[in-house]
Amino acid sequence: MQLRQDDANDKLYNIVDFQTNLKWPEQKRVFSMIPGLENAKFVRYWVMHKNNFFNSPKVLNKFLQLKTNSNIFFADQITGVEGYVESCVSGLITAINITNYINDQEMTIPSPNFVSGALLNYINKESITNFQPMKANWGIV
Numbered sequence: 178m179q180l181r182q183d184d185a186n187d188k189l190y191n192i193v194d195f196q197t198n199l200k201w202p203e204q205k206r207v208f209s210m211i212p213g214l215e216n217a218k219f220v221r222y223w224v225m226h227k228n229n230f231f232n233s234p235k236v237l238n239k240f241l242q243l244k245t246n247s248n249i250f251f252a253d254q255i256t257g258v259e260g261y262v263e264s265c266v267s268g269l270i271t272a273i274n275i276t277n278y279i280n281d282q283e284m285t286i287p288s289p290n291f292v293s294g295a296l297l298n299y300i301n302k303e304s305i306t307n308f309q310p311m312k313a314n315w316g317i318v
C-alpha cells in the first residue's frame, strides 16, 4: 500500500491504486484495520473504474489516425497507452501530426529507440493477438 500526499497543506493522503467494489462503510471498516490508519478520517472513498481502449493495431495507423478515415486522430488512454505521462506524450505527438497533416507536411513519430516511439510502435504492432494497454518502460525499446 502506498500513500500519496493529496493536498498542498500536507493534511490529506490518497491510497494509491486502491480500486474496490466494497461499499463505503465496509471500506472504512477494512481500511481502519490497517496499522497506522486506525484513527484516520476518510474524506473520500474509492470506486472501481474501467479503462476502455481501442484494439489500436487493428484500427489505428502509426500516426494514431483511424485506418478507415485519416481525418480522425486519437490520443491518450483510448489508444492503449497507460499512464499520465504516456497520455501526455501521445497527445503531444498527435497534436504535432494534426498540425502537419493540416499543413500538408510530413507526419512523424519518434524513433523506436526512444521510449515514446517504442510505446507508439507497441500500440501499432499488428502481430499482437491479445492487445492490452502498455505503460512506458525500457522493455519495449
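If you count the sequence shown from 1, you need to add 177 to reach my numbering. Note that CB positions come from ideal geometry on N, CA and C, so glycine has one too.
Do you know offhand how far Q196's Cα is from V262's?
On the sequence shown, residue 196 is found 19 positions in, with the first residue counted as 1. On the sequence shown, residue 262 is found 85 positions in, with the first residue counted as 1. Roughly 21 Å separates the two Cα atoms.
List the endpoints of the continuous alpha helix (DSSP H) containing N274.
If you number the sequence shown from 1, residue 274 lands on position 97. Per DSSP, N274 belongs to the alpha helix (DSSP H) from 261-279.
How far does the alpha helix (DSSP H) with R206 in it extend, from its first residue to its last?
On the sequence shown, residue 206 is found 29 positions in, with the first residue counted as 1. Counting along the chain, the alpha helix (DSSP H) containing R206 begins and ends at 201-208.
Measuring straight from C-alpha to C-alpha, what distance separates N186 and F231?
Within the sequence shown, numbered from 1, the residue matching residue 186 stands at position 9. Within the sequence shown, numbered from 1, the residue matching residue 231 stands at position 54. So the two alpha carbons sit approximately 39 Å from each other.
Let's test the definition: count the other Cβ atoms within 10 Å of the Cβ of T306 and tell me whether it reaches 16, buried, or not, exposed.
Position 129 of the sequence shown, counted from the start, is the residue given in the question as residue 306. Exposed, because fewer than 16 other Cβ atoms sit within 10 Å of the Cβ of T306.
Whose C-beta lies closer than 7 Å to the C-beta of S233 among residues of the same chain, with five residues either side of it excluded?
Translated into the one-based positions of the sequence shown, residue 233 becomes position 56. Cβ neighbours of S233 beyond the five flanking positions: T256, G257, I300, N301, F308.
Are at least three pairs of beta-carbons, each pair with one atom in the region 268-285 and one in the region 236-249, less than 8 Å apart?
Counting Cβ pairs under 8 Å, three or more are found: they touch.
Excluding the 5 residues flanking N298 on each side, which residues of the same chain have their C-beta closer than 7 Å to its C-beta?
Locating residue 298 in the sequence shown gives position 121, counting from the first residue. So the list reads P289, once near-sequence residues are dropped.
What is the residue span of the beta strand (DSSP E) that Y299 lies within?
Within the sequence shown, residue 299 is the residue found at index 122, counting from 1. First-last for Y299: 292-300, but that is the alpha helix (DSSP H), not the beta strand (DSSP E).
Apart from the five residues just before and just after V193, which ones in its own chain have a Cβ nearer than 6 Å to its Cβ?
As a first step, residue 193 is located in the sequence shown; it is residue number 16 there, counting from the start. Answer for V193: Q179, R181, listed in chain order.
Using three-state DSSP, classify I211 as helix, strand or coil.
Here residue 211 refers to the residue found at position 34 of the sequence shown. Of the three classes helix, strand and coil, the one that applies to I211 here is coil, per DSSP.
Have a look at N191 and C265 and give me their C-alpha separation to the nearest angstrom.
Sequence index remark: in the sequence shown, residue 191 carries index 14 (1-based). Sequence index remark: in the sequence shown, residue 265 carries index 88 (1-based). Each residue's Cα considered, the two are about 22 Å apart.
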